[in-house]
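Asker: Order-wise, the sequence lines are chains P and E. Residue numbers for the first sequence follow our numbering, beginning at 1 and rising by one. Residue numbers for the second sequence follow our numbering, beginning at 1001 and rising by one.
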Amino acid sequence: SAHGHKGRHSKGAKPQRTVQDAMRAVEAAKENLGVSKEGCKKHELYVSFRDLGWQDWIIAPEGYAAYYCDGECAFPLNSYMNATNHAIVQTLVHFINPETVPKPCCAPTQLHGISVLYFDDSSNVILKKYRNMVVRACGCH
Amino acid sequence: NFSTDNEVRSSFIQRRLRSQERREMQREILSILGLPQRPRPQVHTKHTAAPMFMMDLYNTISEHPEIPRFSYYRPVYHSSLVTPQDNRFLDDADTVMSFANLIEHEQDLPHRQHRREFRFDLSGIPDEEVITGAEFRIYKQFTREHFDNQTFRVSLYQVLQESTNSDLELLLLEQRELWPAEEGWLAFDLTATSNLWLDNPEDNLGLHLVLEDSRGQRRKPQLAGLVTSKRPQEKQPFMVAFFRANGVRFRSVR
């Protein structure tokens, strides 16, 4: 939030952190640590119906590659294709106000469906399409 | 922060789940599938007609995963279970469900030997689903003996009312001419009937199938090659219904 306070700090008050300060702090932190946490990425997660012991009622598939999203949504986000505009803004605001504003979340940006074929209690067979079961792509939100 | 199919991180080693983890995982997956608990089917042979037909449908839609809702080509009379080449197109289905015939044994009582009864339990259909199409499917085998040039007429009736004696109130749903040399699946439209049964479960009194020869004489359905019994398994009659989700599916709060 900008309220036109620029140059109106009273003498002796703690100076307000700027975006530039935040950027410098991030770079310094990265250099000091020598490592950067891994960015937001899609990770393998295979859900095996067979391993869950469900072969007696799930006819197909045996399992499916569900994937999940994990990683840090760290500054600078604007170089990444899949970060939302708001996520970029939120990253900056997080550095200005880390106690109150969280970092953007690493979450799915594209999801796909799967079909499952299974028996019900009455031995009828059901073929159902479940949307949004498979992560296609991850990004910062 | 951008990853697609070709950028997958393998971040952990595969391991067996502990029993507690396994139970939690089962609970989570069941919740996602919208099931209160795992089904426990009494019979789970995959080699009867209905599961085979459903497997064909599953394979059809799995080959075209980009299609948002699967499409199904309705065969009227075909040797294979699902044939994408012909007939009416049934679309907009989110769910397909097959129903096994609940009448276990064929009744050869004198007043019943020329008709066959079929009954299907539709009580398992979720409330939020709307039926977009339904069919009764019965297999006709090739028959030659005695009936080379004779046609048959098969009629499918909905039972409207049962009484203690042999009298029944029936509603004719559909009639077909059959030739002895023909072989394949016959599909009878049950869309209106199944919607009625769904709204009024007490009206679900089943179906009757009646066969007549060219002189109007009632005959046993088997004479025309109609498979009305449990054998062969892969040709058992069954019912199939297509559903569309009515609005948003809500998962239960845990």
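Backbone N, C-alpha and C define an ideal beta-carbon position, used for all residues, glycine too.
If you follow the alpha helix (DSSP H) that P:His86 is in, where does it begin and where does it stop?
Answerer: 85 to 96
Asker: Is P:Tyr130 close to chain E, meaning its C-beta is less than 8 Å from at least one C-beta of that chain?
Answerer: yes
Asker: Taking the straight line between their C-alpha atoms, what separation do you get for P:Cys106 and E:Leu1030?
Answerer: About 25 Å.
Asker: In chain P, which residues lie less than 7 Å from E:Phe1099 when you measure between Cβ atoms?
Answerer: Asn124
Asker: Residues in its own chain within less than 8 Å of E:Phe1099 by CB, not counting five upstream and five downstream?
Answerer: Ala1050, Phe1120, Asp1121, Leu1122, Phe1238, Met1239, Val1240, Ala1241
Asker: Return yes when the Cβ of E:Thr1151 is within less than 8 Å of the Cβ of E:Glu1129, no when it is not.
Answerer: no
Asker: Can you confirm whether E:Gln1233, when its beta carbon is compared against all beta carbons of chain P, has any partner nearer than 8 Å?
Answerer: no
Asker: Please list, in chain order, the residues of the stretch 1175 to 1208 of chain E that have any C-beta partner in chain C closer than 7 Å.
Answerer: Judged by its chain identifiers, the structure shown contains no chain C, and its protein chains are P and E.
Asker: Can you find a CB in chain E that lies within less than 8 Å of the CB of P:Leu52?
Answerer: Against chain E, the CB of P:Leu52 has a partner CB under 8 Å away; the residue lies at that interface.
Asker: With 8 Å as the threshold, decide whether the Cβ of E:Thr1132 is near any Cβ in chain P.
Answerer: no
Asker: Is E:Phe1142 near E:Leu1207, with beta carbons less than 8 Å apart?
Answerer: no
Asker: With burial defined as no fewer than 16 other Cβ atoms inside 10 Å of the residue's Cβ, what is the status of P:Arg50: buried or exposed?
Answerer: exposed
Asker: Extract the residue ranges of the alpha helix (DSSP H) inside the stretch 1172 to 1230 of chain E, only unbroken runs of 4 or more that lie entirely within it.
Answerer: 1191 to 1199
Asker: State the start and end residues of the unbroken beta strand (DSSP E) segment that holds E:Ala1100.
Answerer: 1095 to 1100
Asker: With 16 as the cutoff for other CB atoms within 10 Å, does E:Leu1190 come out buried or exposed?
Answerer: buried
Asker: Quick check: the Cα distance between P:Ala66 and P:Trp57, rounded to an integer number of angstroms?
Answerer: 20 Å
Asker: Taking Cβ-Cβ distances shorter than 8 Å, what residues in chain P pair up with E:Lys1230?
Answerer: Annotation: E:Lys1230 has no Cβ neighbours in chain P at a cutoff of 8 Å; minimum Cβ distance is about 13 Å.
Asker: Using 10 angstroms around the beta-carbon of P:Asn124, count the other beta-carbons present and answer buried if the total reaches 16, otherwise exposed.
Answerer: buried
Asker: Per DSSP, what are the beta-bridge partners of P:Pro108 in this structure?
Answerer: P:Cys138
Asker: Could you run through the stretch 1037 to 1048 of chain E and flag, in chain order, every residue whose CB is less than 8 Å away from some CB of chain P?
Answerer: Arg1038, Pro1039, Arg1040, Pro1041, Gln1042, Val1043, His1044, Lys1046
Asker: Can you find a CB in chain P that lies within less than 8 Å of the CB of E:Ile1103?
Answerer: No, no contact with chain P.
Asker: Assuming contact is defined by CB atoms lying nearer than 8 Å, are E:Phe1118 and E:Leu1033 in contact in what I supplied?
Answerer: no
Asker: Assuming the contact rule is C-beta atoms closer than 8 Å, P:Leu77 and P:Thr91 should be a hit. Round their C-beta distance to whole Å, please.
Answerer: Beta-carbon to beta-carbon, P:Leu77 and P:Thr91 are separated by about 5 Å, close enough to satisfy the 8 Å threshold.
Asker: How is the alpha helix (DSSP H) around E:Glu1021 delimited, first residue to last?
Answerer: For E:Glu1021, the uninterrupted alpha helix (DSSP H) run begins and ends at 1019 to 1033, by DSSP.
Asker: Who are the near neighbours of P:Glu38 in its chain, counting only those whose CB is closer than 7 Å to its CB and skipping five residues on each side?
Answerer: Correct list, in chain order: Gly71, Glu72.
Asker: What is the C-beta distance between E:Asp1203 and E:Leu1211, in whole angstroms, given that I count them as a contact (C-beta under 8 Å)?
Answerer: Their Cβ separation, rounded to whole angstroms, is 25 Å, which puts E:Asp1203 and E:Leu1211 out of contact at 8 Å.
Asker: Starting from E:Ser1062, trace the alpha helix (DSSP H) in both directions and tell me its first and last residue.
Answerer: First-last of the alpha helix (DSSP H) with E:Ser1062: 1049 to 1062.
Asker: Helix, strand or coil for P:Gln55, going by three-state DSSP, please let me know.
Answerer: coil
Asker: Between E:Thr1095 and chain P, is the shortest Cβ-Cβ distance under 8 Å, so that the two count as touching?
Answerer: yes
Asker: Going by other Cβ atoms of all chains shown within 10 Å of its Cβ, with 16 needed for buried, is P:Cys69 buried or exposed?
Answerer: buried
Asker: Interface residues of chain E around P:Leu111 at Cβ under 9 Å?
Answerer: By Cβ distance, chain E contributes nothing, its closest Cβ being about 12 Å from P:Leu111, past 9 Å.
Asker: In terms of alpha-carbon separation, which member of E:Leu1198, E:Gly1124, E:Glu1183 lies closest to P:Phe119?
Answerer: E:Gly1124
Asker: Given P:Ala142, which residues of its chain have a CB within under 6 Å of its CB, disregarding the five upstream and five downstream residues?
Answerer: Residue 142 of chain P lies beyond the residue range present for chain P, which begins at 1 and ends at 141; the question has no answer from this structure.
Asker: Could you check the C-alpha separation between E:Ala1134 and E:Phe1053 for me, to the nearest Å?
Answerer: 14 Å
Asker: Helix, strand or coil for E:Gln1158 per DSSP?
Answerer: Strand, per DSSP.
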